[in-house]
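Novice: According to numbering that gives the first Met the number 0, the sequence shown is numbered sequentially starting from 0. Note that CB positions come from ideal geometry on N, CA and C, so glycine has one too.
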Amino acid sequence: MYLSNAIDLAEPPVILGVTGGIGSGKSAVSDLLVQRGAARFDADIAGHEVLGHDEVKTALTARWGAAIVGDDGNLIRSIIGEIVFSD
């Protein structure tokens with residue numbers, strides 16, 4: 000699940016984004032916030048889930064070709080990342 004500690008609030012929630020490079024402590028900071036009652040949306044988990052849908056695989060393969068599909072039939076996130084984030 001990619002949303003934890005969701006609660007109904009009478010006031011609008013404070014939205015805090017935790018960003019950083021690999022190994023920068025995003026998960027550690029997020030864990031501390033969750034321990035203190037914050038809700039967490041994990042975009043990485045959500046991204047994995049979305050990329051597992053057949054419709055998404057079909058659409059991305061049609062756009063970028065079979066090179067983004069691994070031998071196991073799953074999309075190769077690192078290749079997709081290179082395509083999406085290259086300028």
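Could you compute how far the alpha carbon of residue 22 sits from the alpha carbon of residue 43?
Specialist: In a straight line, the C-alpha of residue 22 is about 14 Å away from that of residue 43.
Novice: Can you name the start and end residues of the alpha helix (DSSP H) that residue 66 belongs to?
Specialist: Looking at the DSSP string, residue 66 is not in any alpha helix (DSSP H), and its letter there is neither H nor E.
Novice: Quick check on residue 15: does DSSP put it in helix, strand or coil?
Specialist: Looking at residue 15 - three-state DSSP - the assignment turns out to be coil, as it is neither helix nor strand.
Novice: Give the secondary structure of residue 76 by DSSP, where H, G and I count as helix, E and B as strand, and everything else as coil.
Specialist: Residue 76 falls in the helix class under three-state DSSP.
Novice: Go through its chain and collect everything with a Cβ distance to residue 65's Cβ below 7 Å, but skip five positions before and after it.
Specialist: Excluding positions up to five away in sequence, the list is empty.
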